[in-house]
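These notes concern the structure reproduced below.
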Amino acid sequence: MSGEGKPGLSYKARRRWSLVLLLIGLPVYIVAVVTVVNWLDRPPIWLELLVYVALGILWALPFKFVFKGVGKEDPDQSSD
C-alpha cells in the first residue's frame, strides 16, 4: 500500500468520508438546526439568518481536515 506509515487518512478515505459527510451528514444537520430553531419562537429574520450562517460555518470547522485537498489529484498516485 502506498499510504503505509503516513499519519492521518489516505486520499481515498478522505474522499469517501467527504461524500458521506456531504450526502448524509449535512442534510441531517440542516434538519436538526431547522427543528431546533422552530422549537423556539421565531426570531427576527436578520437574527435567524445570522444563526443559520454561524451554524453553517460551525458545521464545517471540525471536518476541515477531511475536505482538505479532496478536489485535487491524488498525491500518492504516480504520474505516468
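Numbers in our numbering are just positions in the sequence shown, counted from 1, shifted up by 922. Where a beta carbon is used, it is the ideal one built from N, C-alpha and C, also for glycine.
Item	Value
Across the stretch 936-944 and the stretch 981-993, are there enough close Cβ pairs to call them in contact, namely three or more that are closer than 8 Å?	yes
Quick one, are the C-beta atoms of W981 and Y951 less than 8 Å apart?	yes
Considering only C-alpha positions, which residue in the set I979, D996, Y974, Q999 is nearest to V958?	Y974
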